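All remarks here apply to the structure that follows.
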């Protein structure tokens, strides 16, 4: 009776599968519209859409990135750069890869670029009557990928520091690419995405990222440090640079900066003269979706100095601020540019305290109601001083469990621009105290806070950091009362970690260990890993007693015995069933089962015996 039902069920299943395949293969209304190439008046499916993009906007930078946009019609604009004969100017060809659904395109390359772009040649585009705009129509052009060739004036001077932020010398150029701008497009499939890629032209030498482009002879050094990839680009015109040391400096900053969320890759360009001293982070970074951020640092800056750290911290800032809070951007980078080298051990606490306690601009207002052009230098000096004092207050209020880094975490997650009120609220949430009055006093008046002399207040909140290289991490230093930034607290010639291992007092000059080969190290105090050193008999490590191998052998023997018993019972039950019911169970089947059970039990017993033997020998 079941076979007809089974056949009917199978037939229904086949019919259902065929129906699904037919429906899936049928074209939808949207698919039918995808081939429409009509102009604006030909139907509602093809209309002009304004897409003026400024400062990145909803443009996605895909330069040198493996990150892909979800399936969506996309206009891809590739900017390929090369040097031009005239200094101060480079050439760029912008090629547009246009999806089939887009039937018209109008671009205005000079918009949002301060008239720094001049069209010198076109392929597929015609100039419109509006001027400075170029139009491409799929019906009127045989060119599938229209392009523009432009001259781009790249030189930019710093009004605050003097010298060039970006420059083209004729021999080499380092500059920020123009902002992507797309005027209008006509599409038969509604909204279309826009991606920009930045590249070095074929036959040209250089390196390009979404935020910075270098053209000219150079050396490139790649390295991964603590899970983040770094690239150091050293122009031939730059003074010799220890690129490996730069990688180590950036990697250490990555490890010690206790704020999550970072770009996949950071590219550091070494900046030769006539670029100014200091450094710069690209105005377009990994926040636009490329996962690549860019900085340049003067070739005169030490490879292990604070400038590389300062610019790296900028790459980890994901917040934007209101005008009144603009001071925070440089103040935070300046403060951590001093603190992280202290953690790494390349800067002494005396040097750190001197830098963040500077009297320079101490009587200036950091966050006035209206900021002026001459306020920026105050951000670097007094801004770092205020944050150093604020960090100490947060650590004190939270028993050293939280720090300014926790405030930065909140700001990075903030939706929208960070206002002065937002900053106050973040500080209160982290510290558990209302510090609005303290902030008002030191941010909006001429008062400057005092940075505490107690260096233990600035020890890393990350317990696993060993800033002075004495073998003790921060938690152990604080537990034992030793200095986290001085390897030999009592000055007796022995590092704090060594004294604790030898059982002497790292706080007493008179209680010093004697250097003898017979001394055995004592357990390290405050070791969060809980490791300990035992004697030769293994008593300290807990080797006396039943080892895991012996215990496993005993357990295995019990299991083997149980399996054997189950097999025997199964065989007896099979024999009894054959007699009672009168149904003869196949001899082959019954015997095979018994043999299989016995063989499994024997194999398990041998295995456990081997484990026990190895344990005994070990």
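In the numbering used here, the protein residues as written are 1023 to 1640. Glycine residues also receive a C-beta, built at the ideal position from the N, C-alpha and C atoms. No experiment lies behind these values; they were computed from the predicted model shown.
So what's residue 1349 in DSSP terms, helix, strand or just coil?
Sequence index remark: in the chain shown, residue 1349 carries index 327 (1-based). Three-state result, residue 1349: helix.
Taking contact to mean at least 3 C-beta pairs separated by less than 8 Å, is the stretch 1420 to 1429 in contact with the stretch 1381 to 1398?
no
C-alpha distance - residue 1540 paired with residue 1313, whole-angstrom precision:
Locating residue 1540 in the chain shown gives position 518, counting from the first residue. Locating residue 1313 in the chain shown gives position 291, counting from the first residue. At residue 1540, the pLDDT of 40 sits below 50, so the modelled position is not reliable; the number obtained from the coordinates is stated separately. In a straight line, the C-alpha of residue 1540 is about 55 Å away from that of residue 1313.
For residue 1431, which residues of its own chain have a beta-carbon under 8 Å away from its beta-carbon, when the five flanking residues on both sides are left out?
Reading the chain shown from its first residue, position 409 is the one you call residue 1431. The answer, listed in chain order, is 1281 and 1282.
May I ask you to verify whether the stretch 1391 to 1401 touches the stretch 1350 to 1358, counting CB pairs closer than 8 Å and requiring at least 3?
yes
Is the Cβ-Cβ distance between residue 1290 and residue 1095 less than 9 Å?
In the chain shown, counting from the first residue as 1, residue 1290 sits at position 268. In the chain shown, counting from the first residue as 1, residue 1095 sits at position 73. No, they are not a contact pair.
Going by DSSP, what residue range makes up the alpha helix (DSSP H) through residue 1417?
Numbered from its first residue, the chain shown carries residue 1417 at position 395. Counting along the chain, the alpha helix (DSSP H) containing residue 1417 begins and ends at 1398 to 1419.
Leaving out the 5 sequence neighbours to the left and right, which residues in its chain are closer than 8 Å to residue 1222 when beta-carbon positions are compared?
Start at 1 with the first residue of the chain shown, and residue 1222 comes out as number 200. So the qualifying residues of the chain are 1102, 1103, 1104, 1228, 1229, 1230, 1235 and 1237.
Is it the case that the Cβ atoms of residue 1233 and residue 1199 are separated by a distance below 9 Å?
Within the chain shown, numbered from 1, the residue matching residue 1233 stands at position 211. Within the chain shown, numbered from 1, the residue matching residue 1199 stands at position 177. Closer than 9 Å, so yes.
Taking the beta carbon of residue 1256 as the centre, do at least 16 other beta carbons fall within 10 Å, making it buried, or is it exposed?
Along the chain shown, one-based indexing puts residue 1256 at 234. So residue 1256 counts as buried.
Contact the stretch 1165 to 1184 vs the stretch 1111 to 1127: 3+ CB pairs below 8 Å
yes
Could you tell me the distance, in whole angstroms, from the CA atom of residue 1326 to the CA atom of residue 1207?
Against the chain shown, residue 1326 aligns to sequence position 304. Against the chain shown, residue 1207 aligns to sequence position 185. Each residue's alpha carbon lies about 49 Å from the other.
For chain C, find out if any of its Cβ atoms is closer than 9 Å to the Cβ of residue 1248; answer yes or no.
Protein chain content of the structure displayed is limited to a single chain, and chain C is not contained in it.
Output needed for residue 1409: all residues of its chain with C-beta closer than 7 Å, excluding positions within five of it in sequence on either side, in chain order.
On the chain shown, position 387 is the one that residue 1409 refers to. Cβ neighbours of residue 1409 beyond the five flanking positions: 1353, 1354, 1357 and 1426.
Identify whether residue 1293 lies in helix, strand or coil by the three-state DSSP scheme.
The residue given as residue 1293 occupies position 271 in the chain shown. Strand at residue 1293.
Straight-line gap, residue 1332 to residue 1071 (C-alpha atoms, nearest Å):
Here the question's residue 1332 lines up with position 310 in the chain shown. Here the question's residue 1071 lines up with position 49 in the chain shown. In a straight line, the C-alpha of residue 1332 is about 42 Å away from that of residue 1071.
Residue 1126 - DSSP class collapsed to helix/strand/coil:
To locate residue 1126, count along the chain shown from 1; it is residue 104. Residue 1126 falls in the strand class under three-state DSSP.
Neighbourhood of residue 1382 by C-beta distance below 7 Å, restricted to the same chain and skipping five residues each side:
Looking up residue 1382 in the chain shown gives position 360. Excluding residues within five positions, the ones whose Cβ falls inside 7 Å are 1403.
Can you name, in chain order, every residue of its own chain whose Cβ lies under 8 Å from the Cβ of residue 1160, other than the five neighbours on each side?
Counting from one through the chain shown, the residue named residue 1160 turns up at place 138. The residues are 1059, 1120, 1124, 1125 and 1126.
First and last residue of the uninterrupted beta strand (DSSP E) at residue 1169
For this step, residue 1169 is matched to residue 147 along the chain shown. First-last of the beta strand (DSSP E) with residue 1169: 1169 to 1175.
Nearest candidate by alpha-carbon position, reference residue 1434, set 1515, 1377, 1188 and 1341:
If you number the chain shown from 1, residue 1434 lands on position 412. It is 1341 whose Cα lies nearest to the Cα of residue 1434.
Taking the C-alpha atoms as reference points, what is the distance between residue 1346 and residue 1162?
In the chain shown, the residue the question calls residue 1346 occupies position 324. In the chain shown, the residue the question calls residue 1162 occupies position 140. Whole-angstrom Cα-Cα distance: 52 Å.
Am I right that residue 1647 and residue 1251 are in contact with their C-beta atoms under 8 Å? What's the rounded C-beta distance?
Past the edges of the chain, shown from 1023 to 1640, lies residue 1647, and the structure says nothing about it.
What's the C-alpha gap between residue 1209 and residue 1191?
What you label residue 1209 is simply residue 187 of the chain shown in a count that begins at 1. What you label residue 1191 is simply residue 169 of the chain shown in a count that begins at 1. Going by the C-alpha atoms only, they are around 43 Å apart.
Measuring CB to CB, does residue 1296 end up less than 9 Å from residue 1185?
To locate residue 1296, count along the chain shown from 1; it is residue 274. To locate residue 1185, count along the chain shown from 1; it is residue 163. Yes, they are a contact pair.
Given that a residue counts as buried once 16 or more other Cβ atoms are within 10 Å of its Cβ, and exposed if not, what is residue 1339?
Walking along the chain shown from the start, residue 1339 turns up at place 317. Residue 1339 should be labelled buried.
Spatial neighbours of residue 1099 within its chain, please: C-beta separation below 6 Å, excluding the five flanking residues on both sides.
Counting from 1 along the chain shown, the entry for residue 1099 is found at position 77. Counting only Cβ-Cβ distances below 6 Å, and skipping sequence neighbours, we find 1116, 1118 and 1218.
Coil, strand or helix - residue 1304 by DSSP:
As a first step, residue 1304 is located in the chain shown; it is residue number 282 there, counting from the start. Three-state result, residue 1304: coil.
Could you name the residues of the same chain whose beta carbon sits closer than 8 Å to that of residue 1179, not counting the 5 residues immediately before and after it, in chain order?
Walking along the chain shown from the start, residue 1179 turns up at place 157. Answer for residue 1179: 1185, 1186 and 1187, listed in chain order.
Whole-number beta carbon distance between residue 1492 and residue 1518, since they are thought to touch under 8 Å
For the purposes of this step, residue 1518 is taken as the residue at position 496 of the chain shown. For the purposes of this step, residue 1492 is taken as the residue at position 470 of the chain shown. That belief holds up - the Cβ atoms of residue 1518 and residue 1492 are roughly 5 Å apart, short of 8 Å.
Going along the chain, which residues of its own chain have a beta-carbon closer than 7 Å to the beta-carbon of residue 1439, five neighbours each way excluded?
Translated into positions along the chain shown, residue 1439 becomes position 417. Within the same chain, residue 1439 has close Cβ partners 1342, 1343 and 1344.
Going by C-alpha distance, which of 1407, 1137, 1122 and 1396 is nearest residue 1469?
Here residue 1469 refers to the residue found at position 447 of the chain shown. Of 1407, 1137, 1122 and 1396, the residue nearest in Cα terms is 1407.
Tell me whether residue 1228 sits in a helix, a strand or coil according to DSSP, three-state version.
Reading the chain shown from its first residue, position 206 is the one you call residue 1228. Here residue 1228 sits in strand by DSSP.
Please report the straight-line C-alpha distance between residue 1442 and residue 1510, rounded to a whole angstrom.
As a working mapping, residue 1442 is identified with position 420 in the chain shown. As a working mapping, residue 1510 is identified with position 488 in the chain shown. Cα to Cα, the separation comes out at about 43 Å.
Do residue 1130 and residue 1154 have their beta-carbon atoms positioned less than 9 Å apart in this structure?
Sequence index remark: in the chain shown, residue 1154 carries index 132 (1-based). Sequence index remark: in the chain shown, residue 1130 carries index 108 (1-based). In this structure, residue 1130 lies closer than 9 Å to residue 1154 by Cβ.
Take residue 1472 as the anchor and find which of 1167, 1376 and 1329 has the nearest alpha-carbon.
Indexing the chain shown from 1 puts residue 1472 at position 450. Checked all of 1167, 1376 and 1329; the closest Cα to residue 1472 is 1376.
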